[in-house]
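*Asks:* Chains Z and G, in that order, give the protein sequences. According to the numbering used here, the first sequence is numbered sequentially starting from 1. According to the numbering used here, the second sequence is numbered sequentially starting from 1. So that we are looking at the same thing, I have put the structure below in structure tokens.
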Amino acid sequence: MSSHAEGSHDASHHHDDSHSPAHYVKIWAVLLVLLGVSLAGPEIGIRWVTLITAFGIAVVKAFLVIKHFMHLTVERKVAQYAIGACFMLMLLFFFAVAPDVMKHWGVNWHNEAASNMKREIERSEHHAPAADQAHAPADGAGHPEASAPAAATH
Amino acid sequence: MMRPIATTRSATGIPTGRLAVWWVIASEIVIFGGLLGGYLLHRFGHPEWATAAAHTNTMAGGFNTFVLLTSSLSAVLAHAAAEKGEGPKAAKYLGLTMLGGLVFLIVKSFEWTYEISHGYTITANTFWSFYYTAAGLHGFHVIAGMVIMGFVAADAMKNRELQRVELIGIYWHFVDLVWIFLFPLLYIAK
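What follows is the structure, encoded as structure tokens:
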């Protein structure tokens with residue numbers, strides 16, 4: 001295997017259009033269009049549109065890269081299972097920890113950090129509007145400590 | 001010279017080198033997934049992070065996304081050239097990919113210099129801690145990929161070990177994938 005990439009892929013995948021440079025350039029062009037949409041999304045100013053154009057398009061871009069550049073969809077199943085298993089582990093981590101981190105109130109317990117955070121947010125919103133802070137970094141008002149003091153307590 | 005047996009053995013039907021890269025990526029999914037999952041959990045619980053995120057430079061992040069997507073194109077074109085046995089051509093495309101990585105890092109260094117000089121340091125608050133940790137870990141992977149790619153390109157130039165062109169390409173696409181998700185998380189969700 002030292003003189004050419006013979007182990008690169010199965011022979012059946014070598015001669016179709018999906019491995020041609022023109023095809024790769026086409027996928028790259030689609031990725032750039034999607035990047036443009038994800039940049040334009042927030043300009044509309046609607047929250048759900050921003051979420052879809054940012055994260056929905058990120059998923060589509062990821063799929064295109066995985067399928068057409070990494071060729072995972074035509075790889076042997078064992079590799080797909082290994083990748084899929086680790087992806088599932090990641091989701092398990094997220095959803096197992098999410099209730100503990102995100103739920104701030106319960107019947108038999110009290111989330112002290114969340115309560116402090118809520119108080120700090122209310123206090124900072126009351127004393128200094130976030131928009132003013134975001135545009136005045138030079139005088140210290142826009143300093144991250146000042147703009148989001150609650151985060152440091154968590 | 002006798003070749004190490006691990007490069008020619010494959011119990012799974014996948015060449016051992018490529019199987020190893022898939023395993024690396026599988027473990028990287030857990031590393032980056034844990035980090036980004038942790039970020040998301042806190043981001044949902046801290047609406048005020050939007051104020052901190054408002055200070056990240058969306059155009060710089062967008063430009064770097066363009067650079068990484070383009071470098072992924074040159075990486076896959078290197079793979080296509082290697083499959084045809086065109087080592088020097090593959091090496092040239094790998095060189096372009098490394099150039100993309102370098103441009104990415106230069107833009108990042110300007111971004112970080114600006115942010116740090118304005119007080120947005122890794123200890124400023126939890127948002128900036130995540131920002132520097134995630135982008136820094138990703139940047140480290142870009143640097144590691146560039147170094148390995150340099151060795152692979154040097155061999156490819158002499159038409160040697162061309163199967164490695166695909167292997168480093170798969171890794172580079174994964175680095176691109178991570179950035180595809182970091183970009184909306186850190187630059188667009190404001």
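In this text, a Cβ means the ideal position worked out from N, Cα and C, and glycines have one as well.
Assign ARG43 of chain G to buried or exposed, taking buried as 16 or more other Cβ atoms, counted over all protein chains shown, within 10 Å of its Cβ.
*Replies:* Classification for ARG43 of chain G: buried.
*Asks:* Between G:ASP176, G:THR113, G:GLY45, which lies nearest to HIS138 of chain G when the distance is taken from Cα to Cα?
*Replies:* When each option's Cα is compared against that of HIS138 of chain G, the closest is G:ASP176.
*Asks:* Does the beta carbon of HIS173 of chain G sit closer than 9 Å to a beta carbon anywhere in chain Z?
*Replies:* Yes, HIS173 of chain G counts as interfacial toward chain Z.
*Asks:* With 9 Å as the threshold, decide whether the Cβ of THR50 of chain Z is near any Cβ in chain G.
*Replies:* Taking Cβ atoms only, chain G reaches closer than 9 Å to THR50 of chain Z, which makes this a yes.
*Asks:* What separation, rounded to the nearest whole angstrom, lies between the Cα atoms of ILE49 of chain Z and VAL37 of chain Z?
*Replies:* First, the residue type needs correcting, since residue 49 of chain Z is Val and not Ile in the sequence shown. In a straight line, the C-alpha of VAL49 of chain Z is about 11 Å away from that of VAL37 of chain Z.
*Asks:* Chain G partners of ARG76 of chain Z, CB-CB under 7 Å?
*Replies:* Under the 7 Å cutoff, chain G gives THR12, GLY13, ILE14.
*Asks:* Assuming VAL152 of chain G contacts LEU94 of chain G (C-beta within less than 8 Å), just tell me the rounded distance between them.
*Replies:* With a Cβ gap of about 6 Å, VAL152 of chain G and LEU94 of chain G count as contacting.
*Asks:* At the level of alpha carbons, what is the spacing between VAL142 of chain G and GLY37 of chain G?
*Replies:* If you take the alpha carbons of VAL142 of chain G and GLY37 of chain G, they lie about 21 Å apart.
*Asks:* Could you name the residues of the same chain whose beta carbon sits closer than 6 Å to that of ALA130 of chain Z, not counting the 5 residues immediately before and after it, in chain order?
*Replies:* With a pLDDT of only 48 at ALA130 of chain Z, under 50, the local geometry of the prediction cannot be trusted, and no value is derived from it.
*Asks:* Please confirm if the segment 110 to 120 of chain Z is in contact with the segment 52 to 69 of chain G, defined as three or more CB-CB distances below 8 Å between the two stretches.
*Replies:* They do not touch, by the three-pair rule.
*Asks:* When you compare only the Cα positions, how much space is there between TRP109 of chain Z and ALA52 of chain G?
*Replies:* Straight-line Cα distance between these residues: approximately 30 Å.
*Asks:* Counting C-beta neighbours from all protein chains within 10 Å, is the total for TYR131 of chain G 16 or more, i.e. buried, or is it exposed?
*Replies:* When all chains shown are included, TYR131 of chain G counts as buried.
*Asks:* Please classify TRP105 of chain Z: does DSSP put it in a helix, a strand, or coil?
*Replies:* In this structure, TRP105 of chain Z counts as strand in the three-state DSSP scheme.
*Asks:* Under three-state DSSP, which class holds HIS46 of chain G?
*Replies:* Coil at HIS46 of chain G, not helix or strand.
*Asks:* From the beta carbon of ILE212 of chain Z, is the nearest beta carbon of chain G less than 9 Å away?
*Replies:* With chain Z represented from 1 up to 154, any question about residue 212 of chain Z goes unanswered, as that position is not in the structure.
*Asks:* Using a beta-carbon distance below 9 Å, is SER115 of chain Z in contact with chain G?
*Replies:* No - not a single Cβ of chain G is within 9 Å of the one on SER115 of chain Z.
*Asks:* Nearest to GLU111 of chain G by CA position, among G:LEU96, G:LYS92, G:ASN64, is which residue?
*Replies:* For the residues G:LEU96, G:LYS92, G:ASN64, the minimum Cα distance to GLU111 of chain G belongs to G:ASN64.
*Asks:* Under three-state DSSP, which class holds HIS55 of chain G?
*Replies:* Coil, per DSSP.
*Asks:* If we cut at 9 Å on Cβ distances, does TRP28 of chain Z have a partner in chain G?
*Replies:* Yes, TRP28 of chain Z counts as interfacial toward chain G.
*Asks:* According to DSSP, is THR118 of chain G helix, strand or coil?
*Replies:* Rather than Thr, the amino acid found at residue 118 of chain G in this sequence is His. HIS118 of chain G falls in the coil class under three-state DSSP.
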